[in-house]
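One structure is given here, and the rest of the page talks about it.
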Amino acid sequence: MLDNLTHCPALITDQRWNVIAWNKAACTIFGDFDSMNDRDRNIVWAMFTDCKYKELFVDWERHAKGMVGRFRSTSGKYIEDFWFAQFIEELKTRSPEFDLWWSLHEIQNNGEQYKQLNHPQVGQLDFEISNFDVADHSNLKMAVHVPMPGTETAEKMQSLLNAWK
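Per the working numbering, the very first residue in the sequence shown carries number 2; after that it's consecutive.
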């Protein structure tokens with residue numbers, strides 16, 4: 002199914018925000034998930050420890066702060082899962098921003114609706130974000146990045162896909 006979303010980067014994450022499935026379009030934007038270790042496939046970890054994400058997101062601080070609030074909301078649903086406490090403590094030692102924003106105790110339940118990225122090869126990309134629960138798997142979420150009409154994003158995605166290995 003993900004591969005049918007040709008020009009739309011799409012990811013499926015588990016309750017811990019680990020990317021467990023992706024399409025080729027997602028790799029052209031966020032990196033080659035096949036070559037990443039499990040920790041680097043965690044979206045929260047990548048946002049705060051991979052410097053390319055700070056360059057990729059046009060308004061990184063807003064996206065990152067919102068992510069902390071949403072991750073706090075998720076972690077509260079899995080209090081019995083000690084993984085969250087370990088992960089949060091480790092990430093706090095790796096990222097001063099995460100440490101600061103986590104200490105604010107803000108919660109955000111709504112996902113992003115719009116994402117503007119600055120891709121190093123093709124420049125500005127504008128996406129509308131659609132988030133879905135995966136049927137029959139309440140702990141899985143799918144995020145689809147749809148190129149915004151009236152922008153060159155779809156054409157730029159085609160260029161990236163053509164160049165992808």
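C-beta: ideal position from N, C-alpha, C; glycine also.
Original post:
CB Val145 to CB Ala11, shorter than 7 Å?
Top reply: yes
Subject >> Cβ-Cβ separation, Leu92 to Trp46 (assumed contact under 8 Å), whole Å >> reply: For Trp46 against Leu92, the beta-carbon gap comes to about 6 Å, under 8 Å, which counts as contact.
Subject >> With 16 other Cβ atoms within 10 Å as the buried cut-off, status of Phe72 >> reply: Phe72 should be labelled buried.
Original post:
Which class does Met143 belong to by DSSP, given the choice of helix, strand or coil?
Top reply: Of the three classes helix, strand and coil, the one that applies to Met143 here is strand, per DSSP.
Original post:
How about Ile13 and Ala22: are their beta carbons less than 7 Å apart?
Top reply: yes
Original post:
Under 7 Å, do Ala27 and Met48 count as touching if we go by C-beta distance?
Top reply: no
Original post:
Is the beta carbon of Lys116 sitting closer than 7 Å to the one on Phe99?
Top reply: no
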